[in-house]
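**Student:**
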Amino acid sequence: MNDANSSELFNPSINVMEQANIPEYQALYDYSINNREAFWAEQAETLGWYKKWDKVLDESQAPFYQWFSGGKTNIVHNAVDRHLTNANRNKMAIIWEGENGQVRNYSYNGLNREVCQFANVLKSMGVEKGDVVTIYMPQIPELIFAMLACAKIGAIHSVVYGGFSTDALASRIEDAHSRVLITADGGWRRGKAIDLKTIADNAMKRSPTIEVCICVKNNDLEVEMEATRDFWYHDLVALPIASPKCGTEQLDAEDPLFILYTSGTTGSPKGMLHTHGGYSVYTSTTHRMAFDIKPEDRWWCAADPGWITGHSYIVYGPLINGATIMLYEGAPNYPYPNRWWQIIEKYGINILYTSPTAIRGLMRFGDRWPKKHDLSSLRLLGSVGEPINPEAWKWYHQVIGNGNCPIIDTWWQTETGGLMICPLPITPLKPGSATKPFFGNEITIVDDEGREVAANEEGKLIINNPWPGMARTIFKDDERYKSLYWNEVDGKWRYLAGDSAKKDDDGYIWVIGRMDEVLKVSGYRLGTAEIESALVSHPQVTEAAAIGLPHELKGNAIHTYAILAQGVAGSDELALELREHVAREMGRIAMPEDVTFVESLPKTRSGKIMRRVLKARALGQDEGDLSTLEE
Ligand code: PRX
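Read left to right, the sequence shown gives residues 255 to 885 (my numbering).
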């Protein structure tokens, strides 16, 4: 898909270069590599601390690194509190638009009042520092209030994407042993109310640790409320306990801020744990430098807050930087395919950050929809989540950005907390390449033996250094974290990203895709293991395999194979039922394109399904080395 050497070079426009926050890359990059701790300390100095750190980077427990240890902070101190005493107090923090056209705005002062009230409600429900609160909500401002409220009182939030369903929610609640769940009656999508509370009810039945469920009213869905467990948020917030004043808990820099579950190679999703101090520094610095954020900017990261992109670049990074953030709950093409372009024009959005899938999806409706709108407020465009194909890149650049807006293609992961490879607005761009490492990061492409490969050769992407935004561990599973991600070579720890990539002759990095059993479907990260386990939870399926095959819009699409229970015959009806079963258990994003009924699955002698063989067969390609295939 990406051809490194035949690629065109796009130079940034003079206008963008002249006003860039960071006017030069190489010298600062070299400085950040040779003086990593000094570089990050300088960035940390731009934030407020209750008490300054003793040590910038503590490597004594590597690969369990600690950043800014001894420092006292709270991400809310920087994302909200400190704006109340500066010129941002009355600045717009959040502009929210719902699919039906409702609009709600919050200044930083207003945001603070909402967060304090939510925090007081949580406290009244017995939530304490260190408790994990699960949040399962649509893209409404209360989702952001809830996240910040948890952080403010030192509770750990675990946001579960609102598009996930019963099984995905239940397993995340269970792993986190959450006592409190925050949800809503429902969300909106394409003019239809999406029932969330019923999914939450079913998940709570499966994971009985939840004692309190707080439900925000977002539409008028009839929902069941269990008398001693479920509370309407609007009832609680009307009580005297919900005062709009609440102190922010002074935390250690390394105190946990959130867990976010993500799919891995095997088994259950991993709860990646991020902490207050380093994550504050990393998200705000990357946001400020890569996206060249200015005080007057209106920033729109059109992701869902339920994914890492939303955590880092809807909520935390931008709020720490005092930006005005746009939030839209609804489909990009509802009621017409110009909805996003209309929002950009209406609110004067300056920077749009989205995924290749969304770009491809909107591109398909043709140029006439964006052309109806004045998009001249846009200065920069961003991309994240999967490799962007040059065709979509060029459309985004030409039609949306009018050829003037650099495309900031950012490579990173739930684990990394913030972007790791990206251009700056001054970087000459090659469509499809995320270009160069962000400051402080040394990234190499290595072979199976860990030796750096030659230019233009494919290999494994590794990160050779710690960085402040890195996940600290997998929740309650240090061993799994260490063994999954870290390799010690000659006394130095290296982080293995799980992606394959190449570096071209100019040192530009081209990420090719996952090397493991993680699928990127419409930019969403799903594990084959989760999809397979959802299929086998159907009584008529005994074994299943899931693979990803290239798809024009989604990047990858899910195709599945099922061995049916004895005596059960495969049919079109059963295939549809199984696909819907997966959608019910995991969420619609995980619904397979098809189910093929088979008698057996290709396996290794040790019983592992050889998905690459299934994939090669489906694509009519050579099946490769079959020496480990079971007879
Ligand atoms: O394969 C890479 C792909 O997304 C994976 C991480 O997924 P997730 O943890 O859900 O985080 C996504 C949002 C940060 C990576 O291992 N990926 C992410 N960004 C890019 C990308 N692949 C190519 N180019 C990108 N810009």
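Cβ atoms here follow ideal geometry from the backbone N, Cα and C, with glycine treated the same way.
1. Just verifying my parser: in three-state terms, what is the DSSP assignment at Tyr279?
2. Taking C-beta to C-beta, are Leu855 and Ile817 nearer than 9 Å?
3. Can you find the residues in the same chain that come closer than 7 Å, C-beta to C-beta, to Thr482, ignoring five residues on each side of it along the sequence?
4. Ends of the alpha helix (DSSP H) at Ile613?
5. Going by the DSSP bridge assignment, what does Leu803 pair with across the sheet?
6. Cβ of Val765 versus every heavy atom of the ligand PRX: is any distance shorter than 8 Å?
7. With a CB to CB cut of under 7 Å and the five nearest residues on each side skipped, what residues in its chain are close to Leu789?
8. Closest by CA to Pro572, which one among Gly672, Lys648, Leu505?
9. Distance, Cα to Cα, Arg734 vs Leu773?
10. Taking contact to mean at least 3 C-beta pairs separated by less than 8 Å, is the region 573-581 in contact with the region 689-699?
11. Throw me the rounded Cβ distance for the Tyr487 and Glu396 pair, which I believe falls under 8 Å.
12. Helix, strand or coil, according to DSSP, for His411 in the structure here?
13. Quick test of your reading: Asn332 and Gly302, contact by CB under 8 Å. State the CB separation rounded to the nearest angstrom.
14. What are the boundary residues of the beta strand (DSSP E) that includes Ala447?
15. Okay, do the region 339-359 and the region 518-533 touch, 3+ Cβ pairs below 8 Å being the bar?
16. To the nearest angstrom, report how far apart Met543 and Arg552 are at their CA atoms.
17. Please determine, among Leu635, Asn587, Ile642, the residue with the shortest C-alpha to C-alpha distance to Asn618.
18. By Cβ distance below 6 Å, which residues in the same chain neighbour Pro722 in space, the five residues on each side in sequence not counted?
19. Select from Glu476, Arg842, Ser791, Asp879 the residue whose C-alpha is nearest the C-alpha of Arg415.
20. Are the C-beta of Pro644 and some C-beta of chain C separated by less than 9 Å?
21. Roughly how many angstroms separate the alpha carbons of Glu847 and Ser687, rounded to a whole number?
22. So what does Lys857 bridge to, in DSSP terms?
23. Rounded to whole angstroms, what's the CA-CA distance from Ser419 to Pro682? Just pull it up for me.
24. How close, in whole Å, do the beta carbons of Gly878 and Ala870 come, if the pair is a contact with beta carbons under 8 Å?
25. Within its chain, find whatever has a CB closer than 6 Å to the CB of Cys467; leave out the 5 residues flanking it on each side and keep chain order.
26. Apart from the five residues just before and just after Val822, which ones in its own chain have a Cβ nearer than 8 Å to its Cβ?
27. Are Thr388 and Ile464 touching if we call contact CB-CB under 9 Å?
28. For the beta strand (DSSP E) containing Cys370, name the first residue and the last one.
29. Determine the extent of the alpha helix (DSSP H) in which Tyr536 is found, giving its start and end residues.
30. Is the region 558-566 touching the region 745-757, taking contact as three or more C-beta pairs under 8 Å?
31. Does the beta carbon of Arg779 fall short of 8 Å from some heavy atom of the ligand PRX?
32. Report, in whole angstroms, the separation of the C-beta atoms of Gly767 and Pro610, which I expect to be a contact under 8 Å.
33. Determine, using beta carbons only, whether Ala254 and Asp385 come nearer to each other than 9 Å.
34. Any heavy atom of the ligand PRX closer than 8 Å to the beta-carbon of Trp665?
35. CA-CA distance, Ala496 and Ala403?
36. Have a look at Arg886 and Glu299 and give me their C-alpha separation to the nearest angstrom.
**Tutor:** So, from the listed chains and residues:
1. Position 25 of the sequence shown, counted from the first residue, corresponds to residue 279. Reduced to three states, the DSSP call for Tyr279 is coil.
2. As a first step, residue 855 is located in the sequence shown; it is residue number 601 there, counting from the start. As a first step, residue 817 is located in the sequence shown; it is residue number 563 there, counting from the start. A contact, by the Cβ cut-off of 9 Å.
3. Indexing the sequence shown from 1 puts residue 482 at position 228. Excluding residues within five positions, none has a Cβ falling inside 7 Å.
4. Looking up residue 613 in the sequence shown gives position 359. First-last of the alpha helix (DSSP H) with Ile613: 610-617.
5. For the purposes of this step, residue 803 is taken as the residue at position 549 of the sequence shown. Paired residue(s): Ala811.
6. Locating residue 765 in the sequence shown gives position 511, where the first residue counts as 1. Checking the Cβ of Val765 against the ligand PRX gives yes.
7. For the purposes of this step, residue 789 is taken as residue 535 along the sequence shown, with counting starting at 1. Cβ neighbours of Leu789 beyond the five flanking positions: Val795, Ala798, Thr814, Ala816, Leu832, Val836.
8. In the sequence shown, residue 572 corresponds to position 318, counting from 1. Cα-wise, what sits closest to Pro572 is Gly672.
9. Locating residue 734 in the sequence shown gives position 480, counting from the first residue. Locating residue 773 in the sequence shown gives position 519, counting from the first residue. The straight-line gap from Cα to Cα measures roughly 20 Å.
10. no
11. Numbered from 1 along the sequence shown, position 233 holds the residue referred to as residue 487. Numbered from 1 along the sequence shown, position 142 holds the residue referred to as residue 396. Contact flag correct, Cβ pair sits at about 7 Å.
12. Position 157 of the sequence shown holds residue 411. His411: strand per DSSP, three-state reduction.
13. As a working note, residue 332 is residue 78 in the sequence shown. As a working note, residue 302 is residue 48 in the sequence shown. That belief holds up - the Cβ atoms of Asn332 and Gly302 are roughly 6 Å apart, short of 8 Å.
14. Within the sequence shown, the letter at position 193 stands for residue 447. First-last of the beta strand (DSSP E) with Ala447: 446-449.
15. no
16. By 1-based counting over the sequence shown, the position of residue 543 is 289. By 1-based counting over the sequence shown, the position of residue 552 is 298. Those two C-alpha atoms are separated by around 16 Å.
17. Working through the sequence shown from its first residue, we reach residue 618 at position 364. Here the sequence assigns Arg to residue 618, which means Asn is not the residue at that position. The residue with the shortest Cα to Cα distance from Arg618 is Asn587.
18. Stepping through the sequence shown from its first residue, residue 722 is reached at position 468. Contacts found: Trp294, Trp321, Gly532, Val535, Tyr536.
19. In the sequence shown, counting from the first residue as 1, residue 415 sits at position 161. Before going on, a small fix: residue 415 reads as Tyr here, not Arg. The option with the nearest alpha carbon to Tyr415 is Arg842.
20. Going by chain labels, chain C is absent from the structure shown, which holds only one protein chain.
21. The residue given as residue 847 occupies position 593 in the sequence shown. The residue given as residue 687 occupies position 433 in the sequence shown. Glu847 and Ser687: Cα-Cα distance of roughly 29 Å.
22. Your numbering for residue 857 matches position 603 in the sequence shown. Beta-bridge pairing links Lys857 to Ile863.
23. Locating residue 419 in the sequence shown gives position 165, counting from the first residue. Locating residue 682 in the sequence shown gives position 428, counting from the first residue. Taking the straight line from one Cα to the other gives about 42 Å.
24. Within the sequence shown, the letter at position 624 stands for residue 878. Within the sequence shown, the letter at position 616 stands for residue 870. That belief holds up - the Cβ atoms of Gly878 and Ala870 are roughly 6 Å apart, short of 8 Å.
25. Mapped onto the sequence shown, residue 467 falls at position 213. Closer than 6 Å at the Cβ level, and outside the excluded window around Cys467, lie Leu435, Arg483, Asp484.
26. The residue labelled residue 822 in the question sits at position 568 within the sequence shown. Excluding positions up to five away in sequence, the list reads Gln794, Leu828.
27. By 1-based counting over the sequence shown, the position of residue 388 is 134. By 1-based counting over the sequence shown, the position of residue 464 is 210. Going by C-beta atoms, Thr388 is nearer than 9 Å to Ile464.
28. In the sequence shown, residue 370 corresponds to position 116, counting from 1. Taken as a continuous stretch (DSSP letters only), Cys370 belongs to no beta strand (DSSP E), being part of the alpha helix (DSSP H) at 362-378.
29. The sequence position of residue 536 within the sequence shown is 282, counting from 1. Run containing Tyr536: 530-544, per the alpha helix (DSSP H) assignment.
30. no
31. Here residue 779 is taken as the residue at index 525 of the sequence shown, counted from 1. Within the cutoff, so yes.
32. As a working mapping, residue 767 is identified with position 513 in the sequence shown. As a working mapping, residue 610 is identified with position 356 in the sequence shown. Rounded, the Cβ-Cβ distance is 12 Å, inconsistent with contact.
33. The displayed coordinates of the chain run from 255 to 885. Any statement about residue 254 would go beyond what the structure contains.
34. Taking the sequence shown and counting its residues from 1, the one referred to as residue 665 is at position 411. Yes, the Cβ of Trp665 comes within 8 Å of a heavy atom of the ligand PRX.
35. Taking the first residue of the sequence shown as position 1, residue 496 is located at position 242. Taking the first residue of the sequence shown as position 1, residue 403 is located at position 149. If you take the alpha carbons of Ala496 and Ala403, they lie about 12 Å apart.
36. Outside the modelled stretch of the chain, which goes from 255 to 885, sits residue 886, for which no answer is possible.
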